[in-house]
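In the numbering used here, the protein residues as written are 74 to 354.
These notes concern the structure reproduced below.
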């Protein structure tokens, strides 16, 4: 039995994880300079989130954006070169891990300001309204960014003017080193944009097939004038907030509890149960 599309999702997730693990090794060996933030364990949000994007759509990511760039189609060799500071990197080695962009692939950069990409994406969506491109803007940010005033202001502006923008909140439990549940009264972050009149949905961020379906449909709807949309994706970061993070805030056994539910293990198990061969990826 051949299950082409899910196998491609799995291949993309494995590619992202292998890339991130190699980046970790290079950073620990001091081949890569500066702060590095990995998305190990969150690969499905990028793969599912990019599945329905068209070539002319605009994607804006956080400093944890390597996986989103790869899912958007940015080639691995110039990505590695960029992180290593090489002249043939996507930005000539000047962007590094947290600031690179690749506009020819619809990836308009990472942003090291928490929530900083949100108003920029709303600006891109506003431009789409006037330039006739039909472009949809997609912006990714973490749960901690929901407490930034600029994020709420940007979402309100997008709602007021029905802009073609998709807001994706990766809720990986921790806002840097602090559980998001310790920072808010109501951990259901989707209620905030809903109060602004934005159609908001909470999804299992480890279900890549569900994300591809739901976010892909939202991209189509936004392009037709029904935006904006907001998705809160529950997932888990199976590494430190940054390389060098001692992770002393994690309770005992937490990482082990993720081994069966993280997205690669989950989709591999589903394919095996249906007769697909994940070993062919």
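Built from N, CA and C at the ideal position, the CB exists for glycine as well.
Determine the contact status of residue i and residue j, defining contact as a CB-CB distance below 8 Å.
i	j	result
residue 124	residue 285	yes
residue 247	residue 108	no
In this structure, does DSSP put residue i in helix, strand or coil?
i	result
residue 92	helix
residue 215	strand
residue 252	strand
residue 175	strand
residue 286	helix
residue 210	strand
residue 244	strand
residue 304	strand
residue 316	coil
residue 273	strand
residue 74	In this prediction, residue 74 scores a pLDDT of 34, lower than 50, which makes its location untrustworthy; the coordinate-derived value is nonetheless stated afterwards. Coil at residue 74, not helix or strand.
residue 238	strand
Can you tell me the Cα-Cα spacing of residue i and residue j, whole angstroms?
i	j	result
residue 214	residue 262	12 Å
residue 304	residue 85	21 Å
residue 293	residue 302	11 Å
residue 318	residue 150	27 Å
residue 74	residue 348	Any reading at residue 74 must be qualified, since the residue scores a pLDDT of 34, below 50, and its modelled position is unreliable; no value is offered.
residue 309	residue 255	17 Å
residue 241	residue 211	7 Å
residue 344	residue 79	8 Å
residue 398	residue 235	As shown, the chain starts at 74 and ends at 354. That puts residue 398 outside it, with no answer to give.
residue 82	residue 277	16 Å
residue 269	residue 257	18 Å
residue 131	residue 238	9 Å
residue 311	residue 93	11 Å
residue 225	residue 219	7 Å
residue 232	residue 281	27 Å
Count the other CB atoms within 10 Å of the CB of residue i; is the residue buried (16 or more) or exposed (fewer)?
i	result
residue 89	buried
residue 259	exposed
residue 251	exposed
residue 103	exposed
residue 167	exposed
residue 205	exposed
residue 299	exposed
residue 194	buried
residue 330	exposed
residue 121	buried
- request: May I have a chain-ordered list of the beta strand (DSSP E) segments no shorter than 3 residues that lie completely inside the stretch 96-150?
  value: Within the stretch 96-150, the complete beta strand (DSSP E) runs of at least 3 residues are 131-133.
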